[in-house]
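J.: The sequence shown lines up with residues 3 to 247 when you count with this note's numbering. Even for Gly, the Cβ is constructed at its ideal location relative to N, Cα and C. Right, I'll just put the structure down here and ask away after.
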Amino acid sequence: MAVYGISDLHLSFMAEPDLGIWQNVHEYKPMSIFGEHWREHYKHIYENWQETVQAEDTVLLPGDLSWGLKLEDCIYDFAFLGALNGNLLISKGNHDYWWQSLKKVKAVLPANTKALQHSAVLVEGKAVCATRGWLCPGAKDYNHTGEDEKIYLRELIRLEMALKEAKALSDDIMVMLHYRPVNDKLECSGFIDLMSDYGVKTCIYGHIHTEDIANNFTGEHWGMDFKLVACDYLGFNPLKLWEGK
3 MAVYGISDLH
13 LSFMAEPDLG
23 IWQNVHEYKP
33 MSIFGEHWRE
43 HYKHIYENWQ
53 ETVQAEDTVL
63 LPGDLSWGLK
73 LEDCIYDFAF
83 LGALNGNLLI
93 SKGNHDYWWQ
103 SLKKVKAVLP
113 ANTKALQHSA
123 VLVEGKAVCA
133 TRGWLCPGAK
143 DYNHTGEDEK
153 IYLRELIRLE
163 MALKEAKALS
173 DDIMVMLHYR
183 PVNDKLECSG
193 FIDLMSDYGV
203 KTCIYGHIHT
213 EDIANNFTGE
223 HWGMDFKLVA
233 CDYLGFNPLK
243 LWEGK
């Protein structure tokens with residue numbers, strides 16, 4: 003059984019998609035407004051996913067799943083997720099405004115999908131934990147005296163909550179973040195320090211899209227392996243992270 007990662011699906015179905023009859027799909031926010039490579043991206047996600055992921059596999063999705071503003075706006079996006087192979091583990095992104103209380107989210111997710119909110123779960127021998135993350139100090143848009151600083155410090159607390167839960171499950175810990183855990187200069191942050199303290203081996207993240215990847219942050223840094231799993235970066239194909247034991 004394998005474990006995959008992919009994020010930033012940015013779904014916006016206006017009706018339940020008739021899978022395979024893509025000409026009938028209607029979206030309220032087509033991603034093609036961000037470039038032709040996004041045209042019918044849901045089709046590429048579905049076809050690549052079904053060819054790659056098996057029913058017994060797990061897929062980690064760190065955020066930005068739907069453009070919906072409320073849970074009821076996401077019903078058709080959740081139907082799409084429910085039709086995908088594998089067991090899905092999702093966490094929150096900056097555009098997931100529909101993500102209300104965890105209890106409400108869990109109540110409407112399809113049977114194959116579970117939500118992580120600054121918490122952890124054991125997946126194929128590894129403890130996977132997740133929180134959203136935030137901009138890091140030193141980023142060009144970071145406000146050191148305003149709301150960014152408050153959210154950053156709060157997300158550090160949430161990450162440590164998740165890491166403590168993960169540590170109780172296994173010493174082999176993997177972190178799902180939505181935001182990249184470094185600033186524009188790729189400098190160390192509180193997220194990096196915390197992950198180092200808990201012996202994290204791998205961190206996956208999304209949020210960074212094709213037009214922003216010139217300053218890429220992947221590979222080994224500070225003794226950890228970092229992987230960008232934004233779907234356009236991956237060519238809309240889930241990335242295999244590890245093979246289960």
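1. Using 10 angstroms around the beta-carbon of Gly95, count the other beta-carbons present and answer buried if the total reaches 16, otherwise exposed.
2. Within 10 Å of its beta-carbon, does Gly65 have 16 or more other beta-carbons around it, so buried, or fewer, so exposed?
3. Using the Cα positions of Gly37 and Lys106, report the straight-line distance between them to the nearest angstrom.
4. Span of the alpha helix (DSSP H) holding Lys169?
5. Could you check which residue in His223, Leu179, Asn89, His146 has the C-alpha nearest to that of Ser198?
6. Check the DSSP bridge columns for Tyr181 and list the partner residues they point to.
7. Give me the residue from Lys72, Lys152, Val110 with the minimum Cα distance to Gly84.
8. Just checking, does the region 70 to 83 make contact with the region 139 to 146 on the three C-beta pairs under 8 Å criterion?
9. Looking only at C-alpha atoms, which of Ala122, Ile159, Asp20 sits nearest to Trp136?
10. Can you pull the DSSP bridge partners for Gly7?
11. Identify every residue that forms a DSSP beta bridge with Phe219.
12. With a threshold of 7 Å on Cβ separation, who are the neighbours of Tyr200 within its own chain once the five nearest residues in sequence on each side are excluded?
13. According to the Cβ coordinates, are Met33 and Trp24 closer than 7 Å?
14. In the DSSP assignment, what residue or residues form a beta bridge with Ala141?
T.: Well, looking at it:
1. buried
2. buried
3. Note on geometry: alpha-carbon atoms of Gly37 and Lys106 lie some 34 Å from one another.
4. 149 to 169
5. His223
6. Paired residue(s): none; Tyr181 is not in a bridge.
7. Val110
8. The region 70 to 83 makes no contact with the region 139 to 146; the number of CB pairs closer than 8 Å stays below 3.
9. Ile159
10. Answer by DSSP bridge pairing, in chain order: Leu62, Leu241.
11. DSSP lists no partner for Phe219.
12. If we look at Tyr200 and ignore the five residues flanking it on each side, its Cβ neighbours are Leu165, Lys169, Ile175.
13. no
14. Answer by DSSP bridge pairing: none, since Ala141 is not bridged.
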